[in-house]
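In what follows, a single structure is set out as structure tokens and then discussed.
Protein chains in written order, with the numbering used here: chain A, 1 to 336; chain B, 337 to 618.
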């Protein structure tokens, strides 16, 4: 601190005048403007936790009649009969998990491939453009995915994919029954396309955070480039990559519109991916406005509460894992 | 020994090709979706489409003027509510966020970032629609703002933190009060980044449908009254896509082009704004 860049042009006043007294108060941060500023920002910041508390409490209060009426049975009963007033969310919970897992099965290899290609193999000049294009997938609104799914994806599945699946895996129970179009398969595929950009973007940042020395060490041992990636880079970033996948899972679980438009919306638990199914988010979207009784509405709120809790847990887990590799960064909280 | 080397090189070649093909597949998905939008919707984008309101089901013709205006109003109102709160909270996190409250706010922002939008929708319903007794565009805006705030807070924080400490110290040393330093020096330096965050946030909520289902509801007529139900492009696409009429499907594709164009415009200008700040490196 001896070499100050700016020499004081005015000699400091030796005696404390009112003016310099004010300046000291400024330095201590006690002037009125500062207090107003800090107060305002604090109020705005505190709004966030208050909002979360409000969301959770409203959900719990609204779901309470159903929680009290059905207890934990709600989770594993598969009857959903608004007329008789009996509700169980098992088919939706099953459908939510099944469609999300199906999406992961398709999306994870794809997204990891993109991330590995972009960080390790691609020529420098294509990295940015491809990364940008893949991230643009995240910008497409859910309802546009749904529209595309109805008029492009389902006809394509019907004409080209399902016959092949039947021919190859016809013996498995997963491909039983008639394919009507709206199905677990259609929902899972659209979800997969939707979560690829998230998993790819976060995986890419995780792989970029792996120190170059890891690659160099492996290459120096005589490994091929793929061996270096697979034996040194990927294991180093494993926790972060798993985090990226779980983050994608969180997105898939809560996705509403595209799935509602494609999954068929039937309260059934079936093994076949060609059959219609239901998800928690889709059930709320479809039935909320037609819920005529208080208990019906309350059951839907309980579904919403469950969905909220599941996604919070999944997201918190993902963030912890990502922080292990890319410490303290807000990776994944930004799309695009 | 030699065969082993050949095998290793072969595996290397195959895997390099495979990750390349996977990347091409991901890009292909984007190209297919955008291409289909243009092919199926562009022919319906005429003057009527932008200026007429929907006609009764079964009749052909009509447009989505009410939905375009509705999306503008709902998203604009959401920005009025969400931007000050989100940016303010972000500034708080960057400037005073080292304490326990900062930790809590940061954690809550991350948790809320992953909240399914449909859950926010039913929350807004219990909070605004039920007490008011009717659906309203305002309730839709509030739910969109709730979706936008946590993301805005985190990006604003990140962008403000990128500002070098020396700038702040220089301003304080010149006798600037802290609040003016924060607003006129620090926030201003981070402005491009903050604007990028806002644009990304707006792009994200502009296409949202689920939170509007039980709040803005949709409206067959032209309406600019924010306390009444209002149509939005995303709601219109949903109704038309799931409806039985060919003419509806045609309009759904055209509306999807408009919505997609809006979102792409926002996303690309966000990209452009950040380039201004960081140069070509990002």
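Quick reminder that beta carbons are idealized off the backbone N, C-alpha and C, glycines included.
The structure displayed is predicted, hence computed values, not measured ones.
Proximity test, Cβ basis, 7 Å: residue i and chain A
i	result
residue 372/B	yes
residue 558/B	no
residue 421/B	yes
residue 384/B	no
residue 554/B	no
residue 525/B	no
residue 594/B	no
residue 348/B	yes
residue 515/B	yes
residue 424/B	yes
First and last residue of the uninterrupted alpha helix (DSSP H) at residue i
i	result
residue 49/A	32-70
residue 520/B	Note, residue 520/B: premise wrong, no alpha helix (DSSP H); not H, not E.
residue 428/B	401-432
residue 260/A	257-262
residue 95/A	90-116
residue 495/B	473-497
residue 376/B	338-377
residue 462/B	Careful: residue 462/B lies outside any alpha helix (DSSP H) and carries neither H nor E.
residue 288/A	Counting along the chain, residue 288/A falls outside any alpha helix (DSSP H), and DSSP gives it neither H nor E.
residue 143/A	142-148
residue 502/B	501-509
residue 323/A	294-325
residue 566/B	Note, residue 566/B: premise wrong, no alpha helix (DSSP H); not H, not E.
residue 214/A	212-220
residue 533/B	527-542
Of the listed residues the options, nearest to residue i (C-alpha basis)
i	options	result
residue 193/A	78/A, 236/A, 102/A and 301/A	102/A
residue 153/A	128/A, 190/A and 277/A	190/A
residue 395/A	509/B, 442/B and 514/B	This structure leaves residue 395/A out entirely; chain A is present only between 1 and 336.
residue 413/B	345/B, 604/B and 552/B	552/B
residue 503/B	467/B, 493/B and 525/B	525/B
residue 270/A	69/A, 83/A and 177/A	177/A
residue 557/B	355/B, 363/B, 349/B and 399/B	399/B
residue 58/A	459/B, 376/B and 568/B	459/B
residue 85/A	64/A, 280/A, 144/A and 297/A	297/A
residue 60/A	321/A, 325/A, 309/A and 314/A	309/A
residue 432/B	53/A, 132/A, 80/A and 45/A	45/A
residue 220/A	232/A, 299/A and 90/A	232/A
residue 133/A	352/B, 566/B, 364/B and 598/B	364/B
residue 248/A	322/A, 144/A and 67/A	322/A
residue 304/B	603/B, 583/B, 493/B and 607/B	This structure gives no information on residue 304/B, because the portion of chain B shown stretches from 337 to 618.
residue 392/B	436/B, 474/B, 581/B and 499/B	581/B
residue 302/A	41/A, 42/A and 62/A	62/A
Within-7 Å CB hit, residue i to chain B
i	result
residue 333/A	With a pLDDT of only 45 at residue 333/A, under the threshold of 50, the placement of this residue in the model should not be trusted; the figure read from the coordinates follows. At least one chain B Cβ lies under 7 Å of residue 333/A.
residue 113/A	yes
residue 148/A	yes
residue 233/A	no
residue 330/A	Caution is warranted here: a pLDDT of 49 is assigned to residue 330/A, below 50, making its placement in the model unreliable, and the coordinate value is therefore given only provisionally. Yes, residue 330/A lies at the interface with chain B (some Cβ there is under 7 Å from its Cβ).
residue 241/A	no
residue 320/A	no
residue 188/A	no
residue 279/A	no
residue 31/A	yes
residue 185/A	no
residue 156/A	no
residue 139/A	yes
residue 195/A	no
Query raised in the report: If we count Cβ pairs, one from each stretch, closer than 8 Å, do we get three or more for the region 263-275 of chain A versus the region 179-187 of chain A?
Result: yes
Requested in this report: Identify each residue in the region 452-466 of chain B for which the Cβ-Cβ distance to at least one residue of chain A is less than 7 Å, and report them in chain order.
Outcome: 452, 453, 454, 455, 458, 459, 462 and 463
**Report entry** Three CB pairs or more closer than 8 Å across the region 507-517 of chain B and the region 32-41 of chain A
**Finding:** yes
Query raised in the report: Taking one C-beta from the region 541-557 of chain B and one from the region 468-484 of chain B each time, how about it: are there three or more such pairs within less than 8 Å?
Result: Because the criterion of three Cβ pairs below 8 Å is met, the region 541-557 of chain B and the region 468-484 of chain B touch.
Query raised in the report: At a Cβ cut of 7 Å, what residues of the region 203-226 of chain A count as close to chain B, listed as they run along the chain?
Result: Listed by position, the residues of the region 203-226 of chain A near chain B (Cβ gap below 7 Å) are 224, 225 and 226.
Report task. Check distances from the C-beta atoms of the region 94-125 of chain A to those of chain B and list, in chain order, the residues that come in under 9 Å. Result -> Answer in chain order: 109, 110, 111, 112, 113, 114, 115, 116, 117, 118, 120, 121 and 122.
Query raised in the report: What residues in the region 564-581 of chain B bring their beta carbon closer than 7 Å to a beta carbon of chain A?
Result: 570, 573, 574, 577 and 578
**Report entry** Within 7 Å of chain B by C-beta, residues of the region 298-311 of chain A in sequence order
**Finding:** Listed by position along the chain: 301, 304, 307, 308 and 311.
Requested in this report: Could you run through the region 38-49 of chain A and flag, in chain order, every residue whose CB is less than 9 Å away from some CB of chain B?
Outcome: 38, 40, 41, 42, 43, 44, 45, 46, 47, 48 and 49
Query - Validate contact between the region 58-71 of chain A and the region 284-293 of chain A using beta carbons, cut 8 Å, 3 pairs - result: no
Query - Residues in the region 62-91 of chain A having any Cβ partner in chain B nearer than 9 Å - result: 62
Requested in this report: Please list the residues of the region 350-372 of chain B that have a C-beta atom closer than 7 Å to any C-beta atom in chain A, keeping them in chain order.
Outcome: 351, 352, 354, 355, 356, 358, 359, 361, 362, 363, 365, 366, 369 and 372
Query raised in the report: Given 8 Å as the limit, is there contact between the region 519-536 of chain B and the region 562-575 of chain B, that is, 3 or more CB pairs closer than that?
Result: Segments in contact, no.
Query raised in the report: Between the region 539-554 of chain B and chain A, which residues of the former have a C-beta closer than 8 Å to a C-beta of the latter?
Result: 539, 540, 542, 543, 544, 545, 546, 549 and 550
Report task. Determine which residues of the region 241-262 of chain A have a Cβ less than 9 Å from any Cβ of chain B, and write them out in chain order. Result -> 247, 250, 251, 253, 254, 255, 256, 257, 260 and 261
Query raised in the report: Taking one C-beta from the region 108-125 of chain A and one from the region 586-595 of chain B each time, how about it: are there three or more such pairs within less than 8 Å?
Result: no
Report task. Compile a chain-ordered list of the residues in the region 282-296 of chain A whose CB is closer than 7 Å to at least one CB of chain B. Result -> 284, 285, 288 and 289
Report task. Compile a chain-ordered list of the residues in the region 161-175 of chain A whose CB is closer than 9 Å to at least one CB of chain B. Result -> Residues: none.
Query raised in the report: Is the region 202-214 of chain A touching the region 235-251 of chain A, taking contact as three or more C-beta pairs under 8 Å?
Result: yes
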